[in-house]
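Novice: Residue numbers (my numbering): 192 to 295.
The C-beta atom is built at its ideal place from N, Cα and C for all residues, glycine as well.
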């Protein structure tokens, strides 16, 4: 397995997020993408930047961020959306659950 570090992965994702994404949304995207790719908690990755991660995740991160640049919703890119404590499979044919809907 070729490996890189958690810090390098986080930096690559952060630097590739399109500039038009607002800073709070970019931070949330960074967390969600990193957790999705690694299966680890974002804060564990952030606290241990020298922890090894599979280098192939860098390519997958680039694919995800490229799709973001095409204005595709992150949930659609990842194929999953969390809503009201549950995870739902989503694709381009599905309305993505939003926080505002939880309030109804």
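#1: Grab me the residues of residue 258's own chain with a C-beta within less than 6 Å of its C-beta, minus the 5 sequence neighbours each way, in chain order.
#2: Could you give the first and the last residue of the continuous beta strand (DSSP E) run that contains residue 243?
#3: Looking only at its chain, what residues have a beta carbon closer than 7 Å to the beta carbon of residue 280, apart from the 5 residues adjacent to it on each side?
#4: So is residue 197 buried or exposed if we call it buried at 16+ other beta carbons inside 10 Å?
#5: Closer than 7 Å by C-beta to residue 241: which residues in its own chain qualify, once you throw out the five before and the five after it? Chain order, please.
#6: Within the same chain, show all residues whose beta-carbon is closer than 8 Å to that of residue 256, passing over the 5 residues directly before and after it, in chain order.
Specialist: According to the structure data:
#1: Counting only residues of its own chain and dropping the five nearest sequence neighbours on each side, residue 258 has a CB closer than 6 Å to the CB of 268.
#2: 243–245 is the extent of the beta strand (DSSP E) around residue 243.
#3: For residue 280, where only same-chain residues beyond five positions count, the Cβ hits under 7 Å are 270 and 271.
#4: Around the C-beta of residue 197, 16 or more other C-beta atoms lie within 10 Å, and the residue is accordingly described as buried.
#5: Listed in chain order, the non-local C-beta contacts of residue 241 below 7 Å within the same chain comprise 196 and 198, local neighbours out to five positions each way being set aside.
#6: So the qualifying residues of the chain are 204, 207, 208, 209 and 224.
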